[in-house]
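Everything on this sheet refers to the single structure shown next.
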Amino acid sequence: MTITLTPGDWLALCQHLASLSLLAVGGAITTAPDMHRYLVGQQGWLTDAQFTSSIAISQAAPGPNVLFVALLGWNLGLNAGGGPAAGWPAWGLALMGVALSLVAIMLPSSVLTYTATRWAHRNRELRSVRAFKTGMAPIVIALLIATGWLLSATHNQPARDWRLWLLTAVSIVLVWRTRIHLLWLIGTGALLGALGWV
Amino acid sequence: MPPRQPTAPHADSGPLVPRSRSDLFLSFTWLALQGFGGVLAIVQRELVEKKRWLTREQFLEDWAVAQIMPGPNVVNLSLMIGDRFFGLSGALAALAGMLAAPLCLVLLMAALYGSVADTAAAQGALRGMGAVAAGLVTATGIKLIAALDKNALGLATCIALAALTFVAIALLRWPLIWVLLGIGGVACLWAYRVLGRQPEPRS
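Protein chains in written order, with UniProt numbering: chain A, 1 to 198; chain B, 1 to 203.
Written as structure tokens, this is what we have:
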């Protein structure tokens, strides 16, 4: 896919991502549907397959899942440069896409968070600040457990998926009760999956 | 955070601190590179249990703030933890550690993706890693329940609030923002009342 991006288009991209940054309560991934609407649907800058594979790769890779936005910028730059076959100009634009999209998605929320948490830290003895932390603690714990539940619930056919559930259950017990290194668990999961056992 | 004695299993020593900004950078790089399917479980294991830069309670408080502020949660958490030790430069060091190496890796994977995406082994490996990642994040939540012992709301109330939240998110699939504002708002107001009645809840 080849597209043409003017400086104004790049600016529009940054504006879109920057405004989503401030809406991304609950993580960057919650804004993915709106990015899809804008980049694939409205502007036609990315194909559906590019969008989906960007999310899949960033989920498979280690690190924060906000990196899927970097991959969207990467594909956007490649498209604007005429595709991977066009060589260095395309790779250069792809790197520019990575830099611009990451800065745009992170800068507004980071400045806000940094300022707000400094304020909260300076005023940590305030009753309202203590009430916030006290009240949110049980909610946050429930969110963690719910995330694990939701990740497992995408596999919902007991006859086929019981082995995946067993693997999840064994991981829970091992992480909870032992000090085994987490990389061993991830590696074992990858190996069992690659061999087709789960 | 108010100065506070760490609890078991850290009873033998006070909370430790990173030696330098490079220590912060390298530690965050190392934990980001372990974070398949989410970095949070790794942050808890490395920074609370191994390095002891934070107590369980401090981690919970920071994570609550990182969660409710807009932006990527782990990015917010890196900024907050880095800032706690070295101010703005510490925040940037932690953030750079969290992003730099994983970014290079993810770009490399994107460049190589086409050749393996369709093989059954690659898809199976992803599925297996996903199942383990679900276990890691669940176990992190279970371990943090112990931190609720010191919560001013009382353990029973905390468990009831947590159960409500779980049902709303996992079973009813309500949007996160409404759960945070609704159940979270009620919990904070309740905590405000309780803290007003007992000015020294952590005796």
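Every residue, glycine too, gets a C-beta built ideally from N, C-alpha and C.
- For K51 of chain B, there is no enclosing alpha helix (DSSP H), as DSSP gives it neither H nor E.
- Residue pairing by DSSP places P70 of chain B opposite A:V25 in a beta bridge.
- Closest in C-alpha terms to S109 of chain A, from the list A:S128, A:L20 and A:M1, comes A:L20.
- Just so you know, the alpha carbons of L164 of chain B and A131 of chain A end up roughly 19 Å apart.
- Among the residues of chain A, those whose CB is under 8 Å from the CB of I142 of chain B are I145, I172 and W176, following chain order.
- For G81 of chain A, the nearest beta carbon of chain B is not closer than 8 Å to its own beta carbon.
- Across the stretch 172-185 of chain B, CB contacts with chain A closer than 9 Å involve R173, P175, L176, I177, V179, L180, I183, G184 and G185, in sequence order along the chain.
- Contact of I141 of chain A with chain B is assigned, a C-beta pair being separated by under 8 Å.
- Distances from the alpha-carbon of C14 of chain A to those of A:M1, A:M96 and A:P62 put A:M96 closest.
- In the structure shown, P18 of chain B falls within a coil segment according to DSSP collapsed to helix, strand and coil.
- Here the alpha carbon of T52 of chain A sits roughly 13 Å from the alpha carbon of L67 of chain A.
- Under the three-state reduction of DSSP, P64 of chain A is assigned to coil, being neither helix nor strand.
- Secondary structure note for K150 of chain B: it is in no alpha helix (DSSP H), with a DSSP letter that is neither H nor E.
- The beta carbons of V43 of chain B and L24 of chain B sit no closer together than 8 Å.
- Between the C-alpha atoms of G124 of chain B and A190 of chain A there is a straight-line separation of about 7 Å.
- Neighbours of G196 of chain B in chain A, taken as residues whose beta carbon is under 9 Å from its own, are R127 and A131 in chain order.
- Under DSSP, F36 of chain B takes part in a beta bridge, and its partners are A:P62.
- In terms of Cβ geometry, A32 of chain A and I3 of chain A do not form a close pair [threshold 8 Å].
- Note that the stretch 133-153 of chain B touches the stretch 172-187 of chain A; at least 3 beta-carbon pairs, one per stretch, sit closer than 8 Å.
- When the five nearest sequence neighbours on each side are left out, no beta carbon in the same chain lies closer than 7 Å to the beta carbon of A12 of chain A.
- When rounded, the separation of the alpha-carbon atoms in A134 of chain B and L151 of chain A is 6 Å.
- Within a 10 Å sphere around the beta-carbon of I57 of chain A sit 16 or more other beta-carbons, which makes this residue buried.
- When Cβ-Cβ separations below 8 Å define contact, R52 of chain B makes no contact with chain A.
- Not a single C-beta of chain B is nearer than 8 Å to the C-beta of Y38 of chain A.
- Scanning chain B for C-beta atoms nearer than 9 Å to the C-beta of W149 of chain A yields A134, T138, F166, I169, A170 and L171, reported in chain order.
- Of all residues in the stretch 108-119 of chain A, only P108, S109, S110, L112, T113, Y114, A116, T117 and R118 place a beta-carbon less than 9 Å from a beta-carbon of chain B.
- E57 of chain B and G27 of chain A have their C-alpha atoms roughly 22 Å apart.
- Along the length of the stretch 104-173 of chain A, whole alpha helix (DSSP H) runs at least 4 residues long occupy 127-153, reported in chain order.
- Distances from the CA of H155 of chain A to each of B:D149, B:L16 and B:G130 were compared; the closest alpha carbon is that of B:G130.
- Below the 9 Å Cβ cutoff, chain B contributes G71, P72, V75, L95 and L99 as neighbours of M106 of chain A, in chain order.
- Proximity of chain A to I145 of chain B at the Cβ level (cut-off 8 Å) is accounted for by I141, in chain order.
- When the alpha-carbon of L176 of chain B is set against those of B:T29, B:V39 and B:P70, the nearest one is in B:P70.
- Under the three-pair Cβ rule at 8 Å, the stretch 186-193 of chain B counts as touching the stretch 135-142 of chain A.
- The way I'd put it, the stretch 107-127 of chain A does touch the stretch 81-100 of chain B; three or more beta-carbon pairs between them come closer than 8 Å.
- By the rule that beta-carbons nearer than 8 Å mark a contact, W88 of chain A does not touch chain B.
- Rounded to whole angstroms, the gap between the alpha carbons of G187 of chain A and L54 of chain B is 27 Å.
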